[in-house]
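Under the numbering used here, the residues of the sequence shown are numbered 892 to 1338, in order.
All residues carry an ideal CB built from backbone N, CA and C; glycine is no exception.
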Amino acid sequence: MISLSVISTEHRGIWRLTTALDSMNKSMQENGSYAAIPVVILILDYLSDYIDKMHHPKEDAFLFRFLRLRAPDALADIEKLEADHDAGPHHLSALRALALSVTNSNTKSQKAFHDKLISFIGTLRTHMQFEETTVMPLARKVLTKEDWQEIDAAFLNNDDPLFGTNARAEFAALRAQITLFAPEPVGLGGSFTTEMLSHISKKTVAPANTPAPAALDISGLTSHYGRIQALHGINMQVEEGQLVALVGANGAGKTTLLRAISGVQAVSGGIICLHGANITKMNPDKRVRAGICQVPEGRQVFGPMSIEDNLRLGAFTRPKADLDEDIEKMYGLFPILKEKRHLPAGTLSGGQQQMLAMARALMGRPKLLLLDEPGMGLSPLLVQEIFRIISNLKKQGMTILLVEQNAHAALSIADKGYVIETGTITLSGTGQELLNNERVRHAYLGM
Ligand SMILES: Nc1ncnc2c1ncn2[C@@H]1O[C@H](COP(=O)(O)OP(=O)(O)O)[C@@H](O)[C@H]1O
Ligand SMILES: [Mg+2]
């Protein structure tokens, strides 16, 4: 039964972290200072890795598995605990997103963060208490000697990639880092200064062997117009620095998907994560601040305003001081815009308006650029020019999701492509694979 004491030790560690969170939460509420937010995020990330990758899998795969066999009467309880385990990552990523946005936002979202943190701490504690007071005594009573042998052997297996020696060392290192930064009064030892916090990079807490989260990770996304379902469970990943093409016929749902990513189209199910943070419920202007920028279909530049003013408008989230330099960069990318800088945008041709719309989006220094049919309505020569510029942006490291009916142009420059048909992804592969695919050739390339 040594496995039970392993679980209890882990519970005590997790409990201490909830105490730290609780105490930081109170002091943030009392003094209105959010300087400790980076520590909160560090703890959340640690909990997320530790609980979801190490603590829960052991309980699920061994303790709960045997309990299901030996204590059928307790099935409902076990299932409730397993459901808690499944829901954990969602709560943590929602909480993390709230914590990230709390420092520069209004009292309403600050309250949302505090409330969510309190309820998270409460849920986690109730869960652990129930395991300690009900599940573990039950396990002691009903599991056989052979069961315990198997469970204990698994728990003590030092080679296990999830909870063996290496994993434990990794978590110990992460925990030491938190202890180092956590404020003294919260009971984790250590103390922090703002200077120290500036050294916490977002990635410090990811264990060395876990890949960085995708720039954009969409799973099971659905969306409706009234009773009509336009997206049926879309799954899609765009890695940092990738150019991904989404091709499909008119009415397939491409624009709906981009608008859902930007937050202007309501979603009815599924999850959208930006660099690992769940943004499914985040409002659109926060998403812009988080680096998502969409160039809408049909360009939509502000016709009566000058080209240069249109560009300034694209940078509304940024300090005014460094705008001129960026405007010069855009003129370097799109020389025609410089020539006409003082003219109303409405006087530009279709292709030039497309360039202005892209330049305006780039002024916001997006982390993820969403392009909706940039080639639409343009002459073949201009399409080529626009796609050459998109290719260049990719070479400069920009992450891009490109939506196109012009499948050939898009797939030719894409790292990866998805085909969407009536709201469902029906094919995916590298740009080249899709270009060579029989169905794609037939349906989209007219071959
Ligand atoms: N505002 C709307 N109200 C109702 N249905 C809509 C609306 N916009 C789009 N749709 C429907 O949703 C589906 C997907 O449209 P859309 O995302 O614009 O496709 P795409 O961009 O691939 O051409 C289509 O069937 C379309 O008729
Ligand atoms: Mg569209």
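Other residues of its chain near residue i: CB distance less than 6 Å, five sequence neighbours each side excluded
i, result
"Leu1008", "Asn916"
"Leu1302", "Ala1136, Gly1308, Gly1322, Leu1325 and Leu1326"
"Leu1088", "A caution first: Leu1088 carries a pLDDT of 47, below 50, which makes its placement in the model unreliable, though a value can still be read off. Excluding positions up to five away in sequence, the list reads Pro929."
"Arg1330", "none"
"Gly1288", "Gly1132"
Member of the options whose CA lies at the smallest distance from the CA of residue i
i, options, result
"Lys1285", "Ala1305, Leu1239 and Gln1120", "Ala1305"
"Gln1296", "Val1179, Gly1268 and Ile1281", "Gly1268"
"Leu1390", "Ile1198, Leu972 and Lys944", "Absent from the model: residue 1390. The displayed extent of the chain is 892 to 1338, so no value can be given."
"Glu921", "His1005, Asp936, Ile893 and Leu989", "His1005"
"Glu1276", "Leu1224, Thr1315, Ile1311 and Thr1313", "Leu1224"
"Glu1264", "Gly1242, Thr1238, Met1249 and Leu1293", "Leu1293"
"Leu1202", "Ser1240, Leu1134 and Lys1231", "Lys1231"
"Ala967", "Ile1042, Val1026 and Ser984", "Val1026"
"Met919", "Ala985, Thr998 and Asp977", "Thr998"
"Gly1132", "Ile1291, Gly1320, Arg1150 and Asp913", "Ile1291"
"Ser1339", "Thr1171, Asp1213, Gly904 and Val931", "Examination of residue 1339 is not possible in this model, given that the chain is present from 892 through 1338 alone."
"Val1310", "Asn1141, His1166 and Arg956", "Asn1141"
"Ala1143", "Pro980, Thr1313 and Arg1178", "Thr1313"
"Thr1317", "Gly1160, Gln1245 and Gly1139", "Gly1139"
"Gly1241", "Arg1016, Glu1188 and His976", "Glu1188"
"Gln1020", "Asp1051, Glu901 and Phe1062", "Glu901"
"Gln1040", "Arg1118, Glu1022 and Ser894", "Ser894"
"Pro1226", "Gly1111, Gln1243 and Asp1215", "Gln1243"
"Phe1011", "Ala1045, Trp906 and Arg1150", "Trp906"
"Ile969", "Ile942, Leu1239, His1018 and Asp1213", "His1018"
"Lys949", "Leu912, Ser896, Ser984 and Gly1167", "Ser896"
"Gly1424", "Ile942, Arg1031 and Ile1152", "Summary: the structure shown does not reach residue 1424, with the chain confined to residues 892 through 1338, and so no result is reported for it."
"Pro1195", "Lys1145, Glu1130, Pro1052 and Thr1238", "Thr1238"
"Asp1051", "Arg1178, Ala1334, Lys944 and Gly923", "Lys944"
"His1233", "Ile1198, Val1129 and Glu1219", "Ile1198"
"Gly1161", "His1123, Val1033, Leu1272 and Val1179", "His1123"
"Ala1300", "Pro1271, Glu1130 and Gly923", "Pro1271"
"Ile1170", "Ala911, Leu1261, Leu986 and Asp936", "Leu986"
Whole-angstrom C-beta distance between residue j and residue i, which should lie under 8 Å
i, j, result
"Leu991", "Ala1003", "Not confirmed; about 13 Å, so no contact."
"Ala1250", "Met1221", "4 Å"
"Ile1125", "Leu1148", "6 Å"
"Val1186", "Ala1252", "5 Å"
"Cys1184", "Pro1104", "Contact flag wrong, Cβ pair sits at about 19 Å."
"Ala1206", "Gly1255", "6 Å"
"His947", "His976", "4 Å"
"Leu1259", "Leu1165", "7 Å"
"Ile1281", "Leu1261", "Actually they do not touch by this definition, with Cβ atoms about 12 Å apart."
Close Cβ partners of residue i (< 7 Å) along its chain, the five nearest in sequence each way excluded
i, result
"Leu908", "Ile934 and Leu938"
"Met1127", "Ile1109, Tyr1309 and Ile1316"
"His1115", "Ala1121 and Ser1159"
"Ile951", "At residue 951 the sequence reads Asp, which differs from the Ile that was named. These residues qualify, in order along the chain: Glu973 and His976."
"Gln1156", "Ser1114, Thr1147 and Arg1150"
CB contact below 8 Å: residue i versus chain D
i, result
"Leu1292", "In the displayed structure, chain D is absent; only one protein chain is listed."
Residues near residue i in its chain [Cβ-Cβ closer than 8 Å; skip 5 each side]
i, result
"His993", "Checking the sequence, you will find Val at residue 993 rather than His. Excluding residues within five positions, the ones whose Cβ falls inside 8 Å are Tyr925, Ile928, Ser1000, Gln1001 and Phe1004."
"Met1173", "Ala988, Ser992, Gly1154 and Ala1181"
"Phe1193", "Asp1200, Asn1201, Leu1204 and Ala1236"
"Leu1029", "Leu958, Ala962 and Ala965"
"Arg1016", "Trp906 and Thr909"
"Gln1191", "Ala1248"
Span of the beta strand (DSSP E) around residue i
i, result
"Gly1013", "Where Gly1013 is concerned, there is no enclosing beta strand (DSSP E), although the alpha helix (DSSP H) it sits in stretches over Thr998 to Phe1021."
"Asp1263", "Leu1259 to Asp1263"
"Val1186", "Ile1183 to Val1186"
N- and C-terminal bounds of the alpha helix (DSSP H) containing residue i
i, result
"Tyr925", "Tyr925 -> no alpha helix (DSSP H), and no H or E assigned at all."
"Tyr1335", "Glu1329 to Tyr1335"
"Arg1030", "The sequence given here has Ala at residue 1030, not Arg. First-last of the alpha helix (DSSP H) with Ala1030: Met1027 to Val1033."
"Ile1200", "Note on identity: in this sequence residue 1200 is Asp, with Ile being the wrong assignment. Run containing Asp1200: Ile1198 to Leu1204, per the alpha helix (DSSP H) assignment."
"Asn1048", "Taken as a continuous stretch (DSSP letters only), Asn1048 belongs to no alpha helix (DSSP H), as it is neither H nor E."
"Leu1228", "Pro1226 to Glu1230"
"Val993", "First-last for Val993: undefined, no H or E at that position."
"Leu1148", "Lys1145 to Ser1153"
"Val1179", "Pro1175 to Arg1180"
Where residue i falls: helix, strand or coil (DSSP)
i, result
"Thr909", "helix"
"Asp1306", "coil"
"Pro963", "helix"
"Pro1235", "strand"
"Ser1159", "coil"
"Ser984", "helix"
"Ser1240", "coil"
"Met1249", "helix"
"Ser1110", "strand"
"Gln1275", "helix"
"Val1129", "strand"
"Thr900", "helix"
"Thr1321", "strand"
"His1115", "strand"
Heavy atom of ligand 3 within 7 Å of residue i beta-carbon
i, result
"Glu1312", "Looking for ligand 3 in the displayed structure turns up nothing; the ligands present are ligand 1 and ligand 2."
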